[in-house]
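Heads up: the sequence lines are chains V and W, in that order.
Under the UniProt record's numbering, the first sequence has 322 at position 322, and the numbering climbs by one with no breaks.
Under the UniProt record's numbering, the second sequence has 213 at position 213, and the numbering climbs by one with no breaks.
The structure appears right after this line, and notes come after that.
2 protein chains.
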Amino acid sequence: MKTLRPTSFDVAERAGVSQSTVSRALRSSPGVNAETRARVAQAAAELGYVVDRHASSLRLKSSETIALVTICRPGEDRSAINPFYFALLGSIAAATSARGFNLLVSFQESEANFRADFVRSGLADAMIVIGTTSNRAAWDYFAAAQASGHDFTCWGSPGGDFHWMRSDNEVGGRLAADHLVATGRRRLAFVGPQRSPQRQFDERRDGFTAALAAHGLAPVLAEPPPAEDRHAQGIAAARALLAAHPDIEGIFAASDMLALGVLQGIKDMGRSVPGDVALIGFDGIRAGTLADPALTTIEPDLDAAGEALVAMALEDDAHARDGTRIPVRLAVRGTA
Amino acid sequence: MKTLRPTSFDVAERAGVSQSTVSRALRSSPGVNAETRARVAQAAAELGYVVDRHASSLRLKSSETIALVTICRPGEDRSAINPFYFALLGSIAAATSARGFNLLVSFQESEANFRADFVRSGLADAMIVIGTTSNRAAWDYFAAAQASGHDFTCWGSPGGDFHWMRSDNEVGGRLAADHLVATGRRRLAFVGPQRSPQRQFDERRDGFTAALAAHGLAPVLAEPPPAEDRHAQGIAAARALLAAHPDIEGIFAASDMLALGVLQGIKDMGRSVPGDVALIGFDGIRAGTLADPALTTIEPDLDAAGEALVAMALEDDAHARDGTRIPVRLAVRGTA
DNA sequence: CTGAAAGCGCTTACAG
DNA sequence: CTGAAAGCGCTTACAG
């Protein structure tokens, strides 16, 4: 029942001008008589005319869209994706939309749906890759894709020689250390992957350790045991940590999902938070504010992250070069 | 530094065939010699050739993409979007990708970025609209858009005469009631909007009420007071409810975000969960599993929801007609 | 300031 | 089974 979509020729006929004039008027090209322009706009509105983006993009060789791929864990249920990536997706969408661009999203997890040709097929002008760094096959695929000319920008430098953007992790680690020390905690621990291929967790740990060293302190470093997901890892890590070091007074967890598990683990061990043990996470995910008590965390400026990723992918911002850092802040809530 | 993207003419030259043959071979049209097809595929691979989607879509008049718009609260931070919608977005992405379609996403909140012309501009073959029902201006805009011929399918029937798909809310309400009664609770309450323009919350309440009536019981109906978001509403609602009805033994909240607030509110009143008060939510969001205790909830089958929304939007499933219900199940966790 | 025409890179009906 | 050619709906250099 769909009526044939009107073309610029239909608008031209109705406005009594040529098709070229319709195109110029609608793109607000300079040098179109104001009255003509109004007549065209009028006719277009009456017909419900909208420019065909395929014809337009084909001609202009630009689609004004960004492709965003989110790497998932293999077999992972979509609702189990780390909420941090959904929040990042939202901020990328905002930055994209602010430029009048469209956003194409793709969740990828295995050979069955790996894809990196969004730019080459003309579908997008640039590609951004975010998501879990634990999917080795996915990152190998994207490393190979880059080698064969598919360019992209990613979040968090998951190994490889990628263009990346990430939080100011070191400063975040320092903020966590300083806050814990300022509130009187001395026996501290860092819970996070110690041998991750990516640098993010290392940076958080190093910033934490360096700031503590300035106070003559050294944290216990706890590697979370393998488990179903970050949350489960956090629970197990906290239990083991408190069993081995009953005197721990403060914990800095490498991410909020891990921290939420640690929170549960601390409670499981019969300790109170923040009374017995203070806790600080990293990411600023919404679920942290819903925890009991609400999670104190290091929060990256997500709006800045979305904008910087898009700018860098589009290469239209000389300042958004490799290694730019997204500012973070300490969000003091209930756990520390 | 980007080399000119190769076209089908380049592939044709390299394979020693005509451009039309390249197109046929790559689209696996019938009636192409196997050996020719292999030679073309070979040449395409060597050149890193990928079909230009704009040229292809222009010709085929189909883009094989779905547009998904998510309505946000005005002024809402992207990370504050109800996680249920992110999960739904993920399942829609999965259903879309399973068909080899692309997904274009757009978060909209105010006049500044309302847009409904994805199909008319050729960018997408169909449009799905999800998100908060509390943004009146947005739904007025989409009602007007529909009136002027922009068709779409939405989640939850937010008023208007839309094509919609929603959970089997009544059954969900019944499951909650039966579980609460089966575990010995008699003094029960429903916490949720009573005068919402949309029917979803009413259906959950009605199912709950009807099932209780069969046991000769009637719930207290508590309208959450206005507050910043659903979570804050839940906290306030639980406090007021328990102050007015100290003998309440079980609560069914209209959504998980509300339930998470109710959980906090119950604790604030010095009651234990589920010891003193049992609690059941609705939606099955991830944050519920992170609560302490983990939230018992009514969980819609999101995979089915994504698939049904896409099928209905594409009108390629005779069974996915208006009014189809997505099955729900009771997920028993810690709060009831 | 406006119009006629070429061309973006495909797909497919029409010949052979 | 394969090729030459038309045409999808735009944008813009070229004339006027």
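The beta carbon of each residue, even a glycine, is placed where N, CA and C say it ideally should be.
Within the stretch 97-120 of chain W, contact with chain V at the beta-carbon level (separation under 8 Å) is assigned to Ser97, Asn102, Leu103, Leu104, Val105, Ser106, Phe107, Asn113, Asp117 and Arg120. Sorting V/Tyr141, V/Leu89 and V/Glu203 by C-alpha distance to the C-alpha of V/Val310 places V/Leu89 at the top. Rounded to whole angstroms, the gap between the alpha carbons of V/Pro225 and V/Ala232 is 9 Å.
For V/Gln194, the nearest beta carbon of chain W is not closer than 8 Å to its own beta carbon. Cβ neighbours of W/Asp117 within its own chain (closer than 7 Å, five residues either side excluded): His150.
When DSSP reads this structure, W/Leu212 sits in no beta bridge, so it has no partner.
Sequence-distant partners of W/Gln194 (beyond 5 residues in either direction) whose C-beta falls short of 7 Å from its own C-beta, in its chain, are Leu221 and Glu223. Note: V/Trp155 is bridge-paired with V/Met165 in the DSSP secondary-structure output. Excluding its 5 nearest sequence neighbours in each direction, V/Val181 has C-beta neighbours in its own chain below 6 Å: His215, listed in chain order.
Taking CB atoms only, V/Phe282 has no neighbour in chain W less than 8 Å away. In its chain, beyond the 5 residues on either side, Ser8, Phe9 and Ala12 have a beta carbon closer than 6 Å to the beta carbon of W/Gln19. Residues of the stretch 34-64 of chain V with a C-beta less than 8 Å from any C-beta of chain W: Gly48, Val50, Val51, Asp52, Arg53, His54, Ala55, Ser57, Leu58 and Ser63, listed in chain order. Interface criterion met: the Cβ of V/Phe86 is under 8 Å from a Cβ in chain W.
Under the 8 Å criterion on CB atoms, W/Leu242 is classed as non-interfacial with respect to chain V. By the Cβ neighbour-count rule, W/Asn33 is exposed, with fewer than 16 other Cβ atoms within 10 Å of its own. DSSP, read as helix, strand or coil, puts W/Pro83 in helix. For V/Phe9, the enclosing alpha helix (DSSP H) starts and ends at Ser8 to Ala15.
Counted as a single uninterrupted DSSP element, the alpha helix (DSSP H) harbouring V/Gly261 occupies residues Asp256 to Asp268. Below 8 Å, enough C-beta pairs join the stretch 116-136 of chain W and the stretch 60-79 of chain W to call them touching: three or more. For V/Ala116, the three-state secondary structure derived from DSSP is coil. Take the alpha-carbon of V/Glu46 and the one of W/Gly159: they are about 27 Å apart. Taking all protein chains in view, the Cβ of W/Arg205 is crowded by 16 or more other Cβ atoms within 10 Å, so the residue is classified as buried. The three-state secondary structure of W/Val32, taken from DSSP, is coil. Taking C-beta atoms as the reference points, W/Asp168 and W/Val328 count as a pair closer than 8 Å.
Excluding sequence positions up to five before and after V/Arg78, its CB lies within less than 8 Å of the CB of Cys72 and Phe107, all in the same chain and listed in chain order. Taking C-beta separations shorter than 7 Å and ignoring five residues to either side along the sequence, the partners of W/Pro219 in its chain run Leu188, Ala189, Phe190, Phe208, Thr209 and Leu212, following chain order.
In this structure, DSSP gives W/Gln200 a helical state, which the three-state scheme calls helix. With 16 or more other Cβ atoms from the protein chains shown falling within 10 Å of its own Cβ, V/Val262 counts as buried. Rounded to whole angstroms, the Cβ separation of V/Ala95 and V/Gly306 is 4 Å, and the two are in contact under 8 Å. Cα atoms of W/Leu260 and W/Ala43: separation of roughly 58 Å, rounded to the nearest angstrom. Residue state for V/Leu295 is assigned as coil, using DSSP reduced to three classes.
The three-state secondary structure of V/Gly131, taken from DSSP, is strand. Among the residues of chain W, none has a CB under 9 Å from the CB of V/His163; the nearest is roughly 13 Å distant. The C-beta distance from V/Pro83 to W/Pro300 rounds to 19 Å, too long to fall under 8 Å, and the pair is not in contact.
At the C-beta level, V/Arg186 and V/Leu217 come within 8 Å of one another. Residue V/Met257 holds the alpha-carbon nearest to the alpha-carbon of V/Thr297 among V/Asp125, V/Met257 and V/Glu315.
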